[in-house]
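Just so you know, we're using UniProt numbering here: the sequence shown kicks off at 1 and counts up by one. Cβ coordinates follow ideal geometry from the N, Cα and C atoms, glycine included. Values in this document were obtained by computation on a predicted structure and should not be read as measured data.
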Amino acid sequence: MLTQHGCKIAPSTYYDARARRPTRQEIADEQWKPIVLDTWRKHRRVLGACKLWLRLRRDGHDIARCTVERLMRELGIAGVRRGKRKQPVDGALRETRLADLVDRHFSRFRTNQLWVADFTYVWTWSGWVYVAFVFDAHSRRIIGWRAATSMTTPLVLDCLEMALWTRRREGVTGLSGLTHHTDAGSVYTSIAFTDRLVDEGIDPSVGSVGDAYDNALAESQIGLYKSELIHHEGPWRDVDQVEAATASWVLWFNSDRPHGSIDDLTPLEVEQLDYARIEPVEQAG
């Protein structure tokens, strides 16, 4: 017997293949594929096999990681990979810089010990949009952010005010002992910004000039923002569209996205565990 490609096969082989029932794995795969695809789409189409598997497990699905990897290949889907794009240069003159109190050591044992801040550039059809962030180094949570069409001190001040408001709303009454670290950008070394930190009892810290790793944690976090939202879902029309999309992404990033650097927990889960551990100690005196 000849196949449609002209290959000879035994008649018994042909009829066995026609009569063969789907295997248990094939049946299971067909059941898993819509679940895997829907979950990947629900989480912005950015999760790779590892994080998608973790998300499925969190949602109560008993599926193996190797199965997720195989089904993603069969479905033709993949996670977002980081890339580099050109950015405009902040060429403003630097004012007197403060000391670097972090010296590349970003690990902390609890929330509100170290905040790191930075901003990035987003090209839109209406021109450049600047998005500033404040992250808690322990939980990786975004506690403040702001988008604007100009790169000025008010941009980063507004971002800082949002971070302060976020913590006050959650019951944090004092930030003594907190360090706020940035790179040596002119907006962060301005007198107005530094004075605002001092007013709150926060220790300002500025990385050294010419050091590619002086603010590595903030840059890494912003790299996720650029890869998972800006490069992935663009192009962008204007600041309003960027602002709305960023608000949605920040909510997802804080509450739903697992992070390998914090044992595959979400930032909010890390902070909840942290506060649960600290409160009994405070009650005990």
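Shown here, residue 261 sits in a helix according to DSSP, grouped into three states. In terms of Cβ geometry, residue 115 and residue 250 do not form a close pair [threshold 8 Å].
Apart from sequence neighbours up to five positions away, the residues of its chain that approach residue 241 with a beta-carbon distance below 8 Å are 124, ordered along the chain.
The beta carbons of residue 117 and residue 172 sit about 17 Å from each other, so the pair does not count as a contact at 8 Å. Of the other Cβ atoms in all chains shown, 16 or more fall within 10 Å of the Cβ of residue 106; this residue is therefore buried. Scanning 100, 269, 259 and 273 for the CA closest to the CA of residue 50 turns up 259. In this structure, the straight-line span from the alpha carbon of residue 23 to that of residue 30 is close to 11 Å. If you draw a straight line from the Cα of residue 65 to the Cα of residue 176, it comes to about 44 Å. Within its own chain, the residues whose Cβ lies closer than 8 Å to the Cβ of residue 79, once the five positions on either side in sequence are excluded, are 46, 47, 48, 49, 51 and 52, listed in chain order. Unbroken beta strand (DSSP E) stretches of 3 residues or longer found wholly inside the segment 89-138: 114-124 and 127-136, given in chain order. Boundaries of the beta strand (DSSP E) around residue 204: 203-206. Beyond the five residues adjoining it in sequence on each side, residue 166 comes within less than 7 Å, by CB distance, of 143 and 144 in the same chain, given in chain order. Relative to the Cα of residue 174, the nearest Cα in the group 190, 198 and 134 belongs to 198. The beta carbon of residue 37 lies closer than 8 Å to those of 75 and 77 in the same chain, with the five residues before and after it left out.
According to DSSP, residue pairing for residue 61 in a beta bridge does not occur.
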